[in-house]
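Protein sequences appear in the order of chains S and W. If you're matching positions, the first sequence starts at 6 in our numbering and goes up one per residue. If you're matching positions, the second sequence starts at 6 in our numbering and goes up one per residue. This report refers to the structure that appears directly beneath it.
There are 2 protein chains.
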Amino acid sequence: MLSEAVKNLVPYTAGEQPQDRSYIKLNTNENPYPPPESIKKLLGSLDTERLKFYPDPLCSRLREKLGSLHGLPPERVFVSNGSDEVLSFCFYAFFDRNRGSVLFPAVTYSFYPVYCSFYNLPYIPALLNPDFSVSIDRFLQEAANSSGLIFPNPNAPTGILLEPDKIESLLSRFPQDKAVIIDEAYIDFGGKSALPLLDRFPNLVIVRTFSKGMSLAGLRIGYALGSKEAVNALFTVKDSFNSYPLDYISQEIACHACDQAEYFRKMNAEVANTRTIFTENLVKTGWQVLPSQANFVFARKPGISGRDLYLKLKERGILVRHFNKETIDQFVRITIGTPADMDIFLHTVSRFLN
Amino acid sequence: MLSEAVKNLVPYTAGEQPQDRSYIKLNTNENPYPPPESIKKLLGSLDTERLKFYPDPLCSRLREKLGSLHGLPPERVFVSNGSDEVLSFCFYAFFDRNRGSVLFPAVTYSFYPVYCSFYNLPYIPALLNPDFSVSIDRFLQEAANSSGLIFPNPNAPTGILLEPDKIESLLSRFPQDKAVIIDEAYIDFGGKSALPLLDRFPNLVIVRTFSKGMSLAGLRIGYALGSKEAVNALFTVKDSFNSYPLDYISQEIACHACDQAEYFRKMNAEVANTRTIFTENLVKTGWQVLPSQANFVFARKPGISGRDLYLKLKERGILVRHFNKETIDQFVRITIGTPADMDIFLHTVSRFLN
Numbered sequence: 006m007l008s009e010a011v012k013n014l015v016p017y018t019a020g021e022q023p024q025d026r027s028y029i030k031l032n033t034n035e036n037p038y039p040p041p042e043s044i045k046k047l048l049g050s051l052d053t054e055r056l057k058f059y060p061d062p063l064c065s066r067l068r069e070k071l072g073s074l075h076g077l078p079p080e081r082v083f084v085s086n087g088s089d090e091v092l093s094f095c096f097y098a099f100f101d102r103n104r105g106s107v108l109f110p111a112v113t114y115s116f117y118p119v120y121c122s123f124y125n126l127p128y129i130p131a132l133l134n135p136d137f138s139v140s141i142d143r144f145l146q147e148a149a150n151s152s153g154l155i156f157p158n159p160n161a162p163t164g165i166l167l168e169p170d171k172i173e174s175l176l177s178r179f180p181q182d183k184a185v186i187i188d189e190a191y192i193d194f195g196g197k198s199a200l201p202l203l204d205r206f207p208n209l210v211i212v213r214t215f216s217k218g219m220s221l222a223g224l225r226i227g228y229a230l231g232s233k234e235a236v237n238a239l240f241t242v243k244d245s246f247n248s249y250p251l252d253y254i255s256q257e258i259a260c261h262a263c264d265q266a267e268y269f270r271k272m273n274a275e276v277a278n279t280r281t282i283f284t285e286n287l288v289k290t291g292w293q294v295l296p297s298q299a300n301f302v303f304a305r306k307p308g309i310s311g312r313d314l315y316l317k318l319k320e321r322g323i324l325v326r327h328f329n330k331e332t333i334d335q336f337v338r339i340t341i342g343t344p345a346d347m348d349i350f351l352h353t354v355s356r357f358l359n
Numbered sequence: 006m007l008s009e010a011v012k013n014l015v016p017y018t019a020g021e022q023p024q025d026r027s028y029i030k031l032n033t034n035e036n037p038y039p040p041p042e043s044i045k046k047l048l049g050s051l052d053t054e055r056l057k058f059y060p061d062p063l064c065s066r067l068r069e070k071l072g073s074l075h076g077l078p079p080e081r082v083f084v085s086n087g088s089d090e091v092l093s094f095c096f097y098a099f100f101d102r103n104r105g106s107v108l109f110p111a112v113t114y115s116f117y118p119v120y121c122s123f124y125n126l127p128y129i130p131a132l133l134n135p136d137f138s139v140s141i142d143r144f145l146q147e148a149a150n151s152s153g154l155i156f157p158n159p160n161a162p163t164g165i166l167l168e169p170d171k172i173e174s175l176l177s178r179f180p181q182d183k184a185v186i187i188d189e190a191y192i193d194f195g196g197k198s199a200l201p202l203l204d205r206f207p208n209l210v211i212v213r214t215f216s217k218g219m220s221l222a223g224l225r226i227g228y229a230l231g232s233k234e235a236v237n238a239l240f241t242v243k244d245s246f247n248s249y250p251l252d253y254i255s256q257e258i259a260c261h262a263c264d265q266a267e268y269f270r271k272m273n274a275e276v277a278n279t280r281t282i283f284t285e286n287l288v289k290t291g292w293q294v295l296p297s298q299a300n301f302v303f304a305r306k307p308g309i310s311g312r313d314l315y316l317k318l319k320e321r322g323i324l325v326r327h328f329n330k331e332t333i334d335q336f337v338r339i340t341i342g343t344p345a346d347m348d349i350f351l352h353t354v355s356r357f358l359n
């Protein structure tokens, strides 16, 4: 009774989410710091009788708030149930097998090929540069064969940032009738956003999440910024899939979180600071660490495989992420936790390495 | 830059959701009674620091609770972001254009043809009987041309229930290798569920929602009950679309709501009682009312079009739903509100009818 389509799907494998909290969890890039305490008060003050009604399907107030945060009118903001859902809608709205393949880096967020499989879209993995940075030249070489481009910035799982001047150069040479989607899930930890380019390039769509830089992975809130036309197309997809993707309580908390920019800025500066110190300590002890602008580092220790690192750390109560994929299988991705988490990490590896 | 697919979509039109609460809202089948007050206390007691972590992607505790509620193991329960999302996943998992068309009643939930358009699936609308009940014979006549069947029970927007013995007769004659999906969104208002048939018919999948009978439309919680194989297929679809569709807070509230069955039973008996009295009053004043087992009635008043009824009611502060579709355009769908809401409805129409 199953469709051929579902039989052929190879789903995305998310990082482990043990509900047992005894692990130090450095495997799914959650923020080590809690969201503002004021959310507790907000929750207590919500009108729970209101739950009998459907939520606002347009997320109007939240889109206003996000718009003002980014200097855009709400018509240029789309909100949905986590950035994974927003990305999925983007694949539907902007990529078209009859116009070409979906173009993305060969090493990147491993959900992208899954979306392609879900919507039956062919794709072209564009090789990285030898230093693991994404290659603009490769993107441009394949542009004509593509129906559009998507990449995370900073890239995952490398953490490497593509600088705005390079993005500008890419956009000015990429076909203007093909979408360029920049997934800025990890932009809040020192990276520079492509936001200032939105007005010059109507084919640019930027996707963001509340899960990393706003410590709200436990809610599911993602959004996209783009032209009115692009945002309308995302609404069309949403309204052909699920009219009410974002519940009332999530909308309320998200609106509140938009007012706490200063709290998040300080929190994320902490994370970036911990990353710098942790990276120095890894390098001192012989690790290779890619230069990260995200809330994680991608690192390897010569002499031990990424899988062994992952397993030995897990045995000792620390979860990191390993990707069983050629060219990166020597690495592990380590989320930046609190300074104490990173000290425990360093102490733990010092006991079984060397 | 848009895909052909998105250009061809005609999205679902949900009922109006004015955020202005001055209307009496009888247009989207929300429950007039609030969810249990204890949710307020639960919200106040939640650990908001927990929001920094991703929610449980398997919704394990909620699936356990729903399983015990229905006498099924959690492996036979799938949960996701509202029953619209669950339905969408069902269309992907169980219908296949190479095996035939999707079969559903010609008058039914108007999202079904939209899902078909979204996934590029052909469909066959099966005519209703002259009394507006769904026709099992039509379903069986078209079974061979279909890749599966879906219908709501009670049907929407008619409210008419297909009795369990007829469902049993349908299932025993429908091809066992094709899915039969029964959308029981409105089962909690006096209808009889097809649940007891699940064990005998592995091709049966039942979809439910917390939005109607549990007064939680403001959250987005839907679920499916079926064989382990069917539930696994829905997980495969979910994990190829969005790993974490249900946030932490929604999971907590939903678990709590599962413990309040007695509260909801009483509340929904109230709604059914109001429906009986309201129907009698409509009939007394010359309306035709289809026999409903849902929390709405589908009714017409000879001499005035459905559209005029809708407009005149809206002018007077009452929202109902009108469908601009042949064979039903004389009707309006009226959600059952509180007894006071229905009295106001009757008083209001008495002022402009006759």
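We put the beta carbon where it would ideally sit given N, CA and C, even for glycine. No experiment lies behind these values; they were computed from the predicted model shown.
Report yes or no: is there a C-beta of chain W within less than 7 angstroms of the C-beta of residue i?
| i | result |
| --- | --- |
| S/K45 | yes |
| S/T241 | yes |
| S/I254 | yes |
| S/G342 | no |
| S/L132 | no |
| S/S248 | yes |
| S/F322 | Residue identity check: residue 322 of chain S is Gly in the sequence provided, not Phe. No, no contact with chain W. |
| S/V119 | yes |
| S/M6 | yes |
| S/F328 | no |
| S/E54 | yes |
| S/G49 | yes |
| S/F156 | no |
| S/A274 | no |
| S/A238 | yes |
Count the other CB atoms within 10 Å of the CB of residue i; is the residue buried (16 or more) or exposed (fewer)?
| i | result |
| --- | --- |
| S/I282 | exposed |
| S/V15 | exposed |
| S/D89 | buried |
| W/L133 | buried |
| W/T18 | exposed |
| S/V84 | buried |
| W/V288 | exposed |
| W/D244 | buried |
| S/Q181 | exposed |
| W/D101 | buried |
Are the C-beta atoms of residue i and some chain S residue less than 7 angstroms apart?
| i | result |
| --- | --- |
| W/K57 | yes |
| W/D25 | no |
| W/D244 | yes |
| W/Q3 | Examination of residue 3 of chain W is not possible in this model, given that chain W is present from 6 through 359 alone. |
| W/L71 | no |
| W/E9 | yes |
| W/L145 | no |
| W/E80 | no |
| W/P62 | yes |
| W/A277 | no |
Taking residue i and residue j to be in contact with their CB atoms under 8 angstroms, please state how far apart those CB atoms are, rounded to whole angstroms.
| i | j | result |
| --- | --- | --- |
| W/I323 | W/L92 | Their Cβ separation, rounded to whole angstroms, is 29 angstroms, which puts W/I323 and W/L92 out of contact at 8 angstroms. |
| S/Y191 | W/A222 | At roughly 34 angstroms, the Cβ-Cβ gap does not stay under 8 angstroms, so S/Y191 and W/A222 are not in contact. |
| S/L63 | S/L230 | 16 angstroms between Cβ atoms; not a contact. |
| W/L251 | W/I226 | 7 angstroms |
| S/L56 | W/L56 | Contact flag wrong, Cβ pair sits at about 18 angstroms. |
| S/E80 | S/V236 | 6 angstroms |
| S/G153 | S/V119 | Going by Cβ atoms, the distance from S/G153 to S/V119 rounds to 17 angstroms, so no, they are not a contact pair. |
| W/G311 | W/V294 | Not really, about 13 angstroms apart at Cβ, beyond 8 angstroms. |
| S/S174 | S/P207 | Not a contact, Cβ separation roughly 18 angstroms. |
Cβ-heavy atom distance between residue i and the ligand HEM below 6 angstroms?
| i | result |
| --- | --- |
| S/S73 | Looking for the ligand HEM in the displayed structure turns up nothing, as the structure carries no ligands at all. |
What residues from the region 197-227 of chain W come within 7 angstroms of chain S, judged by C-beta to C-beta, listed N to C? N208, S220, L221, A222, G223, L224, R225
Identify each residue in the region 12-40 of chain W for which the Cβ-Cβ distance to at least one residue of chain S is less than 9 angstroms, and report them in chain order. Close to chain S, meaning a Cβ-Cβ distance shorter than 9 angstroms, are the following residues of the region 12-40 of chain W: K12, L14, V15, P16, Y17, T18, A19, G20, Q22, Q24, R26, K30, T33, E35, N36, P37, Y38, P39, P40.
Quick check: the region 115-125 of chain S against the region 254-270 of chain S, are at least 3 beta-carbon pairs closer than 8 angstroms? no
So, do the region 299-317 of chain S and the region 162-169 of chain S have three or more beta carbon pairs nearer to each other than 8 angstroms? Yes, the region 299-317 of chain S is in contact with the region 162-169 of chain S.
Check whether the region 257-266 of chain S touches the region 91-109 of chain S, taking contact to mean three or more Cβ pairs, one atom from each stretch, closer than 8 angstroms. no
State whether the region 37-49 of chain W contacts the region 135-150 of chain W, with contact taken as three or more CB pairs (one from each stretch) at a distance under 8 angstroms. Counting Cβ pairs under 8 angstroms, fewer than three are found: no touch.
Under 7 angstroms, CB to CB, which of the residues in the region 99-118 of chain S have a partner in chain W? F99, F100, D101, N103
According to a CB-to-CB cut-off of less than 7 angstroms, which residues of the region 178-197 of chain S neighbour chain W? D182, K183, A184
Can you list, in chain order, the residues of the region 87-99 of chain S whose Cβ is nearer than 8 angstroms to any Cβ on chain W? G87, D89, E90, S93, Y97, A98, F99
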